[in-house]
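Following: one structure in structure tokens, then a few remarks.
Numbering (this note's numbering), first residue to last: 10 to 748.
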């Protein structure tokens with residue numbers, strides 16, 4: 010039997026314009042098409058100008074912020090160097106004043122002891138002063154004479170006066186080392202100068218020495234001739250405090266090196282007087298750093314922007330020379346502390362990407378003459394929109410995953426740790442509190458797994474180096490605030506008594522409560538945070554990372570993790586120690602315990618989900634479902650055939666069942682409370698299933714509607730993938746950018 014049912018008309022673009030626009034146009038290049046093309050070009054020009062403005066504004070703002078921070082930091086570095094230089098210029102003036110008084114005779118030789126004792130009583134930073142005479146100058150019958158006033162081990166001013174047993178006027182021998190061998194000869198030969206730092210054998214203090222010659226009038230010629238040398242010992246610990254007092258943020262630090270590169274002040278106190286800047290890896294492996302240091306030694310202040318080798322963060326280094334002493338102050342600051350918030354930066358970059366994508370799409374529509382409504386070109390435009398939309402979605406997800414979401418202060422090296430601890434000590438002192446007792450603590454994780462989405466089970470070691478402080482008993486041990494009931498065990502496996510500390514190592518296995526939000530599934534991250542609190546409550550104790558116990562502390566090299574550690578379905582990206590603030594608001598019932606927010610140590614492991622598993626399990630079936638829905642749209646539905654509706658309902662019902670089963674499995678797998686990112690796709694598929702059924706009903710019952718009649722329901726088919734991509738783009742913005 011011949012089918013006499015009317016078919017959907019397959020019409021040209023001119024017919025579409027007749028049906029939709031209401032005006033009869035017979036030429037493809039009609040005036041309405043030109044208007045559409047003109048509007049598209051105008052919008053594209055506006056978007057291009059807007060894009061240029063946003064890019065310029067973004068770069069300008071960043072450059073302005075960076076320049077302002079850089080200039081402020083440069084000014085601070087130079088000002089700090091000038092301040093420190095003034096301190097040591099004043100210190101030099103003390104010895105210079107004594108020399109002037111000896112030159113003019115205002116200070117008789119027999120009053121030297123009283124003058125030096127008075128200076129030490131008034132100048133606590135000065136550790137000792139010496140006045141040493143040339144042979145037979147102090148007395149005609151005494152070859153050598155010196156007056157030495159110093160602080161003994163109890164900080165009591167003591168005096169040594171009389172003839173020296175050793176001849177300090179003789180050049181140093183091969184067996185004599187240190188500045189004590191040249192303290193006199195160098196000042197006689199070269200005039201006033203500072204020595205390199207040295208360790209005083211009597212007090213174990215690290216000192217630097219300033220020396221200046223003094224003169225007397227020759228009885229025969231009345232000319233000024235050298236009568237001896239005045240030296241002044243300065244405790245370098247005071248310089249350490251001066252540098253530590255600089256406001257350099259939470260992780261910035263300062264250091265001072267001498268004209269020969271010896272460290273005079275450094276966040277790592279062991280480096281002072283024992284190492285030079287040439288021993289540091291950052292100077293050995295970075296020619297720019299070495300060159301900047303050399304330029305500063307020659308009196309040129311300069312700055313350098315680079316990536317720190319340990320933290321892998323962008324930092325600024327400033328080199329500010331001391332005008333008077335020839336020393337150099339070096340300051341390192343983290344750029345992250347001065348630049349805008351990473352989340353706000355992501356939003357600004359997102360707006361630029363969206364404008365650029367819209368502009369690219371408009372340019373393609375203009376080039377393809379979408380105003381002519383040719384089906385082939387319309388399909389190309391749809392494909393372009395879909396590809397551009399997917400590219401934008403992938404870009405935003407990638408940028409979001411690279412945006413740090415860490416809180417607290419990350420510690421990656423000893424320098425940053427000491428700088429942070431100096432700030433904590435200043436903070437406590439400002440509150441009128443005793444600085445907390447520091448207990449170095451370390452972690453080694455050998456195994457980890459996720460028993461459920463809200464917990465992590467870890468197995469490994471925790472150790473502490475508990476300091477021995479005379480008159481103070483410190484309780485060793487730690488607590489894990491996130492500990493839950495099962496399983497958990499702690500066993501002490503070794504204890505070693507040392508001279509100044511007690512080393513204790515525990516074996517730990519425990520389940521810790523975590524806050525894992527699968528909102529971004531399958532692109533989510535699990536940041537394992539192991540909070541470690543001190544067991545001591547009666548005293549302020551601060552657990553600090555035991556940096557010295559690790560070969561490397563760069564987060565990318567996974568310090569604190571066993572090399573064989575694996576977590577199923579997760580990639581371990583980094584590990585690091587971090588200090589976080591927790592305000593408890595209670596004294597815990599302990600009298601006199603303030604409720605200050607003591608920094609708490611945590612060991613963080615950053616992991617990202619492996620995408621392949623969720624892709625095969627949940628995303629691929631969803632994509633297949635979306636493709637099958639689209640395939641049904643491409644099917645030519647017969648008008649006035651009720652059986653078509655039955656076919657559509659049967660097809661969509663089967664798809665709905667499959668989608669619902671996969672969706673339920675997804676929620677069970679993630680244990681999500683709210684909606685995860687991938688679920689938006691499943692919800693969209695539900696809507697598309699319903700849309701296909703409704704579309705079939707309209708085609709069967711309203712075949713002559715102008716939108717249905719054009720190119721056999723082409724508009725519905727064209728809109729399918731753009732709608733899918735647009736909805737997922739909105740979901741991406743909500744979850745990854747503005748969530």
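Beta carbons: idealized from backbone N, C-alpha and C, even for Gly.
Residue nearest to residue i in terms of C-alpha spacing, selected from the options
i	options	result
residue 81	172, 348, 223, 49	348
residue 457	569, 502, 354, 512	569
residue 354	70, 440, 338, 126	70
residue 270	204, 670, 564	204
residue 729	45, 388, 132	388
residue 216	558, 135, 257	135
residue 508	160, 339, 580, 475	475
residue 358	334, 374, 383, 411	411
residue 680	461, 501, 726, 581	461
residue 540	481, 609, 563	609
residue 426	516, 453, 552	552
residue 346	322, 130, 480, 505	322
residue 421	317, 519, 344	317
residue 369	724, 53, 725	53
residue 546	516, 488, 563	488
residue 307	88, 331, 221, 620	331
Residue burial classification, residue i (beta-carbon count within 10 angstroms, cutoff 16)
i	result
residue 538	buried
residue 30	With a pLDDT of only 42 at residue 30, under the threshold of 50, the placement of this residue in the model should not be trusted, and no figure is reported.
residue 36	With a pLDDT of 49 at residue 36, under the threshold of 50, the modelled position of that residue is not reliable, and the figure given next carries that caveat. That one is exposed.
residue 522	exposed
residue 97	buried
residue 490	exposed
residue 296	exposed
residue 577	exposed
residue 231	exposed
residue 325	buried
residue 33	Summary for residue 33: the model assigns pLDDT 43, below 50, so the residue's position carries little reliability, and this model does not support an answer.
residue 289	buried
residue 280	buried
residue 171	exposed
residue 165	exposed
residue 708	buried
residue 90	buried
residue 44	exposed
residue 438	exposed
residue 12	With a pLDDT of 45 at residue 12, under the threshold of 50, the predicted position of this residue should be treated as unreliable, and no value is reported.
residue 272	buried
residue 783	This structure leaves residue 783 out entirely; the chain is present only between 10 and 748.
DSSP bridge partner residues for residue i (one or two, in chain order)
i	result
residue 515	471, 501
residue 698	Per DSSP, none; premise fails for residue 698.
residue 608	590
residue 314	325
residue 138	158, 241
residue 451	472
residue 263	340
residue 381	In the DSSP output, where bridge partners are listed per residue, residue 381 has none listed.
residue 510	476
Beta-carbon proximity of residue i to residue j, cut-off 8 Å
i	j	result
residue 448	residue 550	yes
residue 665	residue 698	yes
residue 139	residue 155	yes
residue 588	residue 429	yes
residue 42	residue 344	no
residue 486	residue 738	no
residue 455	residue 613	no
residue 367	residue 49	no
residue 627	residue 675	yes
residue 361	residue 67	yes
residue 59	residue 375	no
residue 202	residue 213	no
residue 338	residue 352	no
residue 192	residue 265	no
residue 745	residue 498	no
residue 104	residue 241	yes
Nearest-angstrom Cβ-Cβ length linking residue i and residue j, presumed shorter than 8 Å
i	j	result
residue 243	residue 86	Wrong, their Cβ atoms sit about 22 Å apart, outside the cutoff.
residue 113	residue 144	That belief does not hold up - the Cβ atoms of residue 113 and residue 144 are roughly 22 Å apart, past 8 Å.
residue 691	residue 668	6 Å
residue 530	residue 630	With a Cβ gap of about 15 Å, residue 530 and residue 630 do not count as contacting.
residue 223	residue 239	6 Å
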